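These notes are about the structure you will find just below.
2 protein chains.
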Amino acid sequence: MAVIQPQTLAAGVANEDLVANDHFKTENGIRFAGVHLLLDMWGAAHLDNPEGLGQAMEAAVKAADATLLHIHLHHFSPYGGVSGVAVLAESHISVHTWPEHAFAAFDIFMCGEAEPQRAAAALQEMLRPSRIELTEQRRGVLPPISSVECP
Amino acid sequence: MAVIQPQTLAAGVANEDLVANDHFKTENGIRFAGVHLLLDMWGAAHLDNPEGLGQAMEAAVKAADATLLHIHLHHFSPYGGVSGVAVLAESHISVHTWPEHAFAAFDIFMCGEAEPQRAAAALQEMLRPSRIELTEQRRGVLPPISSVECP
């Protein structure tokens, strides 16, 4: 029988600090930092409009029940693409657009109780793409607290 | 024989505009917007130090031959985690840290001629993690210009 030890703690981090400040989440017995969605959108609105994209991102933050700390949008030229990031208490949402291909790449990374799938749904509702491609990845997955090999 | 048409253009985008302003890239005959790396780091340095993380991100931007437009780092408490984003002319780098688990989640999204793998290597060199997990995804992959079914 072999018992696998949990993730080694950072140097200087005491066990009681870990319990008090543990911001990882648990789902179906798996502990991890957060969920990262990569959302490719084709044929969406506002691809060359930073104001419209910013409003969609703010609606997504609200729909996910997340907290906006900082937002920055950069417009590359009057009719060109936009790059934008929203820093959240629960991680971030980003967007980059290529109007010449009717394409926008969003990513939505959220930890804690925030709900990234609701953010994706809000972006879709605000921007009305003709097609989306969505992938989901868990970030920072910890090994199990204990793991017992059966004989 | 069936010929599959290329990606439909955005309304109002003329063919000559597309050629002049096409910022998609081509690799091995595949056209796409950019490469997105998700980089999980365990046991790295500076997890509660926005200045150290900012320096690592700026070194990563330089190593990738990318252009920094805007950087923002948020420190959640004096010894707590950090959230940061660097907006680039070629997309972005983000970081979120959980010092209580010795964990940092980076993402590196780059289009154009910038080299995201070099950014990842620079982050690794600056932050000296004990373990990394890296995934790579192409964003905005276009259908082929033409596709011919063989008889």
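Which chain is which? The protein sequence lines are A and B, in order. To convert, count from 1 in the first sequence and add 57; that's our numbering. To convert, count from 1 in the second sequence and add 57; that's our numbering. All C-beta atoms, glycine included, are put in the ideal place defined by N, C-alpha and C. Quick caveat, the model's predicted, so the values are computed rather than measured.
**Request:** Compare the C-beta of ALA102 (chain B) with all C-beta atoms of chain A and state if any pair is closer than 8 Å.
**Result:** Mapped onto the second sequence, residue 102 (chain B) falls at position 45. Answer no: the Cβ-Cβ gap between ALA102 (chain B) and chain A never drops below 8 Å.
**Prompt:** Using CA coordinates, which residue listed in A:LEU126, A:THR154, A:ALA117 and A:ILE150 is at the minimum distance from SER134 (chain A)?
**Reply:** Position 77 of the first sequence holds residue 134 (chain A). The shortest C-alpha separation from SER134 (chain A) is found at A:THR154.
**Request:** Taking ALA121 (chain B) as the query, report the chain A residues whose CB atoms sit under 8 Å from its CB, ordered along the chain.
**Result:** Working through the second sequence from its first residue, we reach residue 121 (chain B) at position 64. Ordered by position in chain A, no residue passes the 8 Å Cβ test against ALA121 (chain B), which lies about 15 Å from the chain.
**Item:** CB contact check: THR124 (chain B) to chain A, cutoff 8 Å
**Value:** The residue labelled residue 124 (chain B) in the question sits at position 67 within the second sequence. Not closer than 8 Å to any Cβ of chain A, the Cβ of THR124 (chain B) fails to qualify, so no.
**Prompt:** Where does ALA101 (chain B) fall in DSSP's three states?
**Reply:** Your numbering for residue 101 (chain B) matches position 44 in the second sequence. Coil.
**Item:** Neighbour flag for ALA162 (chain A) against chain B, beta carbons, 8 Å
**Value:** Position 105 of the first sequence holds residue 162 (chain A). Taking Cβ atoms only, chain B reaches closer than 8 Å to ALA162 (chain A), which makes this a yes.
**Message:** Please list the terminal residues of the continuous alpha helix (DSSP H) segment that includes VAL142 (chain B).
**Reply:** Locating residue 142 (chain B) in the second sequence gives position 85, counting from the first residue. Where VAL142 (chain B) is concerned, there is no enclosing alpha helix (DSSP H), although the beta strand (DSSP E) it sits in stretches over 139-145.
**Asked** Quick one: what does DSSP say HIS153 (chain B) is sitting in, helix, strand or coil?
**Response** The residue you call residue 153 (chain B) lines up with position 96 of the second sequence. HIS153 (chain B): strand per DSSP, three-state reduction.
**Item:** Neighbour flag for VAL92 (chain A) against chain B, beta carbons, 8 Å
**Value:** Within the first sequence, residue 92 (chain A) is the residue found at index 35, counting from 1. No, because no Cβ of chain B sits closer than 8 Å to the Cβ of VAL92 (chain A).
**Request:** Tell whether a beta-carbon distance below 8 Å holds between VAL144 (chain A) and HIS127 (chain B).
**Result:** Residue mapping note: residue 144 (chain A) aligns to position 87 of the first sequence, counting from 1. Residue mapping note: residue 127 (chain B) aligns to position 70 of the second sequence, counting from 1. It is not a contact, given that the beta carbons lie outside the stated cut-off.
**Asked** Name the chain A residues whose beta carbon is nearer than 9 Å to that of SER151 (chain B)?
**Response** The residue you call residue 151 (chain B) lines up with position 94 of the second sequence. Going along chain A in sequence order, the residues near SER151 (chain B) (Cβ under 9 Å) are VAL142, VAL144, SER148, HIS149, SER151, ASP164 and PHE166.
**Neighbourhood of HIS129 (chain A) by C-beta, 6 Å cutoff - its chain only, sequence neighbours within 5 removed** = Looking up residue 129 (chain A) in the first sequence gives position 72. Within the same chain, HIS129 (chain A) has close Cβ partners VAL142.
**Asked** Using the beta-carbon count (16 or more within 10 Å), is GLU157 (chain B) buried or exposed?
**Response** By one-based count along the second sequence, residue 157 (chain B) stands at place 100. GLU157 (chain B) should be labelled buried.
**Reference SER140 (chain B); option with closest CA among A:LEU96, A:ILE150 and A:SER140** = Indexing the second sequence from 1 puts residue 140 (chain B) at position 83. Of A:LEU96, A:ILE150 and A:SER140, the residue nearest in Cα terms is A:ILE150.
**Message:** Could you pull the DSSP bridge partners for THR192 (chain A) from this structure?
**Reply:** By 1-based counting over the first sequence, the position of residue 192 (chain A) is 135. According to DSSP, which records beta bridges pairwise, THR192 (chain A) is partnered with A:LEU95.
**Request:** Could you check which residue in B:PHE89, B:GLU147 and B:ALA159 has the C-alpha nearest to that of PRO173 (chain B)?
**Result:** Along the second sequence, one-based indexing puts residue 173 (chain B) at 116. Here the closest residue by C-alpha is B:GLU147.
**Collapsed DSSP secondary structure at GLU84 (chain A) in the structure displayed** = Here residue 84 (chain A) refers to the residue found at position 27 of the first sequence. Strand at GLU84 (chain A).
**Prompt:** For GLY197 (chain A), which residues of its own chain have a beta-carbon under 8 Å away from its beta-carbon, when the five flanking residues on both sides are left out?
**Reply:** For the purposes of this step, residue 197 (chain A) is taken as residue 140 along the first sequence, with counting starting at 1. The answer, listed in chain order, is PHE81, PHE89, ALA90 and GLY91.
**Request:** Pull up the DSSP beta-bridge partners for ILE165 (chain B), would you.
**Result:** Position 108 of the second sequence, counted from the start, is the residue given in the question as residue 165 (chain B). ILE165 (chain B) pairs with B:LEU94 and B:ILE150.
**Request:** Taking 8 Å as the cut-off, decide whether the C-beta atoms of MET98 (chain A) and ILE189 (chain A) are in contact.
**Result:** Residue 98 (chain A) sits at position 41 when you count from the first residue of the first sequence. Residue 189 (chain A) sits at position 132 when you count from the first residue of the first sequence. Their beta carbons are under 8 Å apart, which means MET98 (chain A) touches ILE189 (chain A) by this criterion.
**For LEU130 (chain A), three-class secondary structure by DSSP** = In the first sequence, the residue the question calls residue 130 (chain A) occupies position 73. If DSSP states are grouped into helix, strand and coil, LEU130 (chain A) belongs with the strands.
**Request:** Could you name the residues that DSSP lists as bridge partners for LEU125 (chain B)?
**Result:** Counting from 1 along the second sequence, the entry for residue 125 (chain B) is found at position 68. According to DSSP, which records beta bridges pairwise, LEU125 (chain B) is partnered with B:LEU145.
**Asked** Going straight from the alpha carbon of ALA159 (chain B) to that of PRO208 (chain A), what length do you get?
**Response** To locate residue 159 (chain B), count along the second sequence from 1; it is residue 102. To locate residue 208 (chain A), count along the first sequence from 1; it is residue 151. Cα to Cα, the separation comes out at about 33 Å.
**Prompt:** Quick one: which chain A residues come within Cβ less than 8 Å of LEU95 (chain B)?
**Reply:** Counted from its first residue, the second sequence places residue 95 (chain B) at position 38. Per Cβ cutoff of 8 Å: HIS93, GLN194 and ARG196.
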